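**Q** If you scroll down you'll find the structure; I have some questions about it.
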Amino acid sequence: MNSTASASASVRETTTPAARVVDAAKVYGSGDTEVRALDGVSVDFRAGRFTAIMGPSGSGKSTLMHCAAGLDPLTSGAAYIGDTELSSLDDRRLTLLRRDRVGFVFQAFNLLPTLTVAENITLPMDLAGARGDAEWIDALVDVVGLGDRLHHRPAELSGGQQQRVAVARAFASRPDVVFADEPTGNLDSRSGEEVLGLLGRAVRQMDRTVVMVTHDPVAAAHADEVVFLADGRLVDRMPAPTADRVLDRMKAFDAAGGLRRAVRS
Ligand SMILES: Nc1ncnc2c1ncn2[C@@H]1O[C@H](COP(=O)(O)OP(=O)(O)OP(=O)(O)O)[C@@H](O)[C@H]1O
């Protein structure tokens, strides 16, 4: 890293995280059916970083993402986008925050079939009546490699191309943070790699922030850091992950989970 890059990196360390939760708890149901999906999680998602959330099935990954993104309220604790504490917002302001400051990429692409690629990309801004930054949108279209597909409809694109449109749409309004929930879950490995490469480039070359839930150690290895959940708790963090190290960590969870089940029975 050159001195300018390391200076700007150290400035970033001291800036407010793009998103964070503090002592977050989420309880579904009550009595015998109560599930504590998050149990006292505190985690910062730093600006300008690509963070992956991993953990065994049912460990609370999607719940953490939904609560951090303002899609679902916490039972207790606090969730912030930048300095904004989400429970302090009424429904209207929360909707505006999600529209203007947060981007989403889902496993199922979620494009509107009747709109063209170009219209899908600018949809969030069009709904907001915002003009959008034409230069930024052009740069995004360039990065996702869809310049010759702008007037096609989603059904005329491959799954990988559709997810690239969804990635461009998520970044179009320059949100504080983009949350991606299993963005490669419906893709073959080559298209998945392309989408992960794009998310990485958006972070490293375009100074964006990404938080991604994934089951896949190869996908997690694209991140700058992996945070691991187990039983609704944050149990580990791994900077500069590799697929092998993430896989080893996940195997350790499987072994620990098996041991716990054996002790209980
Ligand atoms: N709406 C809900 N109502 C009741 N329980 C829920 C609800 N959503 C999630 N849960 C429970 O909360 C726990 C955490 O679920 P969550 O979907 O966050 O886990 P996950 O790690 O994302 O799982 P997976 O990897 O299988 O998608 C699970 O026990 C789940 O069954």
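First residue of the sequence shown? That's 3 in our numbering, and the numbers climb one at a time after it.
Where is the CB? At the ideal position from N, CA and C, for every residue including glycine.
Every value quoted in this text rests on a predicted model; they were computed, and no experiment measured them.
As a quick exercise: from A49, G84, D178 and V143, pick the residue whose alpha carbon is nearest that of Q164.
**A** Selection A49, G84, D178 and V143 evaluated against Q164 yields V143 as nearest (Cα-Cα).
**Q** Are the Cβ atoms of V180 and R166 separated by less than 7 Å?
**A** no
**Q** Of all residues in the structure, which have a C-beta closer than 5 Å to any heavy atom of ligand 1, taken in chain order?
**A** Y30, V37, A39, S59, G60, S61, G62, K63, S64 and T65
**Q** Hey, could you find the ends of the alpha helix (DSSP H) L40 is sitting in?
**A** Premise fails: L40 lies in the beta strand (DSSP E), V37 to F47, not in any alpha helix (DSSP H).
**Q** Assuming contact is defined by CB atoms lying nearer than 7 Å, are P122 and L113 in contact in what I supplied?
**A** It should be noted that the sequence gives Asn, not Pro, for residue 122. Yes, they are a contact pair.
**Q** Please report the straight-line C-alpha distance between T18 and V104, rounded to a whole angstrom.
**A** 16 Å
**Q** Which residue marks the beginning of the beta strand (DSSP E) containing G131, and which one marks its end?
**A** Per DSSP, G131 belongs to no beta strand (DSSP E) and is neither H nor E.
**Q** Take F106 as the anchor and find which of A81, L76 and F173 has the nearest alpha-carbon.
**A** F173
**Q** Please check the pair S64 and D183, which I expect to be a contact at CB under 8 Å, by giving their CB distance rounded to whole angstroms.
**A** 6 Å
**Q** Among the residues of its own chain, which have a CB less than 6 Å from the CB of A70, if the five just before and after it don't count?
**A** A21, V23 and A81
**Q** Output the distance between the C-alpha atoms of M214 and D34, rounded to the nearest integer angstrom.
**A** 32 Å
**Q** Using a threshold of 7 Å, state whether the C-beta atoms of G149 and S193 are closer than that.
**A** No. Outside cutoff.
**Q** Smallest Cα separation from A257: which of P58, T186 and P219?
**A** P58
**Q** Looking only at its own chain, which residues have a Cβ that is under 6 Å from the Cβ of A54, when we skip the five neighbours before and after it?
**A** A distance below 6 Å between beta-carbons, with the five flanking residues on each side excluded, links A54 to the following residues of its chain, in chain order: M214, T216, A222, A225 and V228.
**Q** Name the DSSP beta bridge partners of T86, please?
**A** I83
**Q** Alpha carbons only, please: which of P219, R235, A242 and P241 is nearest the one belonging to M252?
**A** P219
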